[in-house]
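Asks: Per UniProt numbering, the very first residue in the sequence shown carries number 1; after that it's consecutive.
Backbone N, C-alpha and C fix where the C-beta goes; we use that ideal spot for every residue, glycine too.
Every value quoted in this text rests on a predicted model; they were computed, and no experiment measured them.
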Amino acid sequence: MMKMFNYITQNKKLFYLTLLTAPIAVGFDIGLAWLLRIITDAGTNGEEELLPRLILISVLYIIFASISDLLYRKSTVELTNNCIYNVRNDLFNSITDESLIKISKQNSGYYISMFLNDLEDLKMDYFKNMVSSYHEILNFVISLVLLVKIDIIMAITIIIFSVVQLAVPFIFEKLIEKRQEELMNIRNEYTSNLQEFVNNFNLIKFFKREIIFQKINQDKSIEYRNASNTKETLSKTIYVLSFASSLAMYLACMLVGIWLVFKDRITIGQVIESSQLMAYVTGPLLNFTDIMTSFKSAKPVKSKIMNFISENKSVEIEDEFEFNNLKLNNISFKYPTSDKYVLKNLDFTFEKGKKYIIIGESGTGDSDIMMTDTINPLKSKFKGFHKTFKQDDLGLSLSSFLLN
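#1: Please report the straight-line C-alpha distance between N376 and S104, rounded to a whole angstrom.
#2: Can you check DSSP and say which residues form a bridge with L334?
#3: Threshold first: 3 residues or longer. Then list the beta strand (DSSP E) segments lying entirely within the region 136-216, N to C.
#4: Identify which residue in D69, L119, L277 and D125 has its Cα closest to the Cα of Y85.
#5: How is D264 classed by DSSP in three states: helix, strand or coil?
#6: With 16 as the cutoff for other CB atoms within 10 Å, does L251 come out buried or exposed?
#7: Would you give the residue range spanned by the alpha helix (DSSP H) that Y126 belongs to?
#8: Taking the alpha carbon of S294 as the reference point, which residue from S99, Y239 and F197 has its own alpha carbon closest?
#9: Relative to the C-alpha of A42, which candidate in Q165, T267 and S221 has its C-alpha closest?
#10: Just verifying my parser: in three-state terms, what is the DSSP assignment at E311?
#11: Is it buried or exposed for E188, if we count other Cβ within 10 angstroms and need 16 for buried?
#12: For the alpha helix (DSSP H) containing Q10, list its first residue and its last residue.
#13: Do you know offhand how far N217's Cα is from R179's?
#14: Short of 7 angstroms in beta carbon distance, which residues of its chain neighbour A155, apart from the five on each side in sequence? Order them along the chain.
#15: So, with DSSP's three-state summary, where would you put K352?
#16: Rounding to the nearest angstrom, what Cα-Cα distance links Y110 and F333 in this structure?
#17: Give me the residue from I39, T96 and A25 with the minimum Cα distance to S66.
#18: Please state the DSSP three-state secondary structure of N45.
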């Protein structure tokens, strides 16, 4: 079975471009900590002669950091969109491989929801986070290594608080998955009901059943709203808990840094550098918490789409058969808005290889014989090639025989 991650590596050019631009962008991000340190140390040491050089370095840093960040963001956007492009094509091809019977049994809103809702969730919760997690991990690891080089006590303090922060999403793992699955199911039901309403709008208006559908829509909308509120509130709660642990780590590290200055183990410039590196540790950790939460939310959607794409589609050979003629026995139908029959007790035989033309006054339904979607046969039985079958047999409609 194909893995969802394989879509990320399908386009080798974009994949390797992202692998290349991410560490360069991280290097310039972390370079800001070094730049702040030398500027602070120059100020505290009274080295005024370094000011022109520091200004030049700062200008060059801004230019190259902006370029590297732009290249990285551009590559990640293109890689993410390319992933969704490939998934969308595979999903569409998989639907076209489905049997006519299976498609007809499933509500059309189910498939529409996969394209409009599930793919968007997959893009935001899985692919974007999967691509950005590489950048976040690099930022975290390199910053932590540099903090160890500044002072081991500072690094240990950060590691202790990091463990607390990382534990938050794992504690809520099962709950966030459950809430996302509930939201996905309710959203699919809402889309299906909306699709049914649009498809049957004429009948609903004719029989004056608008109030019933308004009540159904209101109930489903409330259910959809409540499920969205529950899931998003849980996600924000996890984020706030992670933010609180991140804030505690930041303040603790600043206090430890000042204590190390009192002990003459580091300089004021290194405290500033440490605080900046700390941001590159807490930032990825906070983002990583959100990423992990999104991964858990995307799991049901990911499984649903991958199972559908990877499912073996059965080939219904029995649908293919030869016929010599198509016999219509006692065919009758009329419009819901009229008591007059357009066709009544029609008996006719279409012979294979012959051409026929159906003539009728405008509005009498002559063209509707070719469009079974607008016909509601009261009685119908077709005979062809010594085989008697009803309209629903083999999933074949009247229009298929007439047109073929």
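Replies: For this structure:
#1: Confidence at N376 is low in this model, with a pLDDT of 38, below 50, so the placement of that residue is unreliable and no value is reported for it.
#2: The sequence as given places Lys at residue 334; Leu does not occur at that position. Its beta-bridge partners are Y341.
#3: none
#4: L119
#5: coil
#6: Only exposed fits L251, as fewer than 16 other CB atoms lie within 10 angstroms of its CB.
#7: It is not in any alpha helix (DSSP H) - Y126 carries neither H nor E in the DSSP assignment.
#8: Y239
#9: Restricting attention to Q165, T267 and S221, the CA atom closest to the CA of A42 is found in T267.
#10: Shown here, E311 sits in coil according to DSSP, grouped into three states, outside any helix or strand.
#11: According to the sequence displayed, residue 188 carries Asn and not Glu. Buried, by the Cβ-count rule.
#12: Taken as a continuous stretch (DSSP letters only), the alpha helix (DSSP H) holding Q10 covers N6 to Q10.
#13: 22 angstroms
#14: Closer than 7 angstroms at the Cβ level, and outside the excluded window around A155, lie L144, L147 and V148.
#15: Looking at K352 - three-state DSSP - the assignment turns out to be coil, as it is neither helix nor strand.
#16: 30 angstroms
#17: Check the Cα spacing between S66 and each of I39, T96 and A25: the tightest is with A25.
#18: coil
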